[in-house]
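**Student:**
In the numbering used here, the protein residues as written are 18 to 121.
1) Report the partner residues of residue 67 according to the DSSP bridge assignment.
2) Should residue 37 go down as buried or exposed, given a rule of 16 or more other Cβ atoms within 10 Å for buried?
3) So which of 43, 63, 52 has the shortest CA-CA distance to residue 26?
4) Please classify residue 86 as buried or exposed, where buried requires at least 16 neighbouring CB atoms within 10 angstroms.
5) Leaving out five residues before and five after residue 67 in sequence, what residues of the same chain have Cβ atoms less than 6 Å from its Cβ?
6) Helix, strand or coil for residue 77, going by three-state DSSP, please let me know.
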């Protein structure tokens with residue numbers, strides 16, 4: 018399993034999207050982009066995605082943080098490019114990097 022850390026913006030009309038809806042939006046965009054997502058096991062599998070903190074509704078941010086677990090390796094630049102093509106205006110990927118510690 019591989020983990021990527023990413024930073025993104027949340028601006029414009031999307032500042033009114035809730036934390037849970039933002040997680041759904043990112044997961045759907047990653048699936049549409051064809052990224053090798055790692056899913057939880059069990060009856061209702063979901064992508065192993067975590068976001069840094071929940072913003073209050075109506076606040077914009079230039080520096081949101083997220084982590085995603087992947088089944089396969091992908092270059093950070095390619096991850097950002099593919100994901101950006103699927104994201105609505107107001108959310109932009111600023112930085113992507115590999116998490117350096119080992120996960121099982």
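Glycine included, each C-beta is placed from N, C-alpha and C at the ideal position.
From a predicted model like this one, the values you see are computed outputs, not experimental measurements.
**Tutor:** Straight from the coordinates:
1) Locating residue 67 in the chain shown gives position 50, where the first residue counts as 1. BP columns for residue 67 point to 84.
2) Mapped onto the chain shown, residue 37 falls at position 20. Looking at its Cβ environment, which holds fewer than 16 other Cβ atoms inside 10 Å, residue 37 is exposed.
3) Taking the first residue of the chain shown as 1, we reach residue 26 at position 9. The candidate whose alpha carbon is nearest that of residue 26 is 43.
4) Position 69 of the chain shown holds residue 86. Residue 86 is buried by the Cβ-count criterion.
5) As a first step, residue 67 must be located in the chain shown, where it is residue number 50. Here the set comprises 84.
6) Your numbering for residue 77 matches position 60 in the chain shown. In this structure, residue 77 counts as coil in the three-state DSSP scheme.
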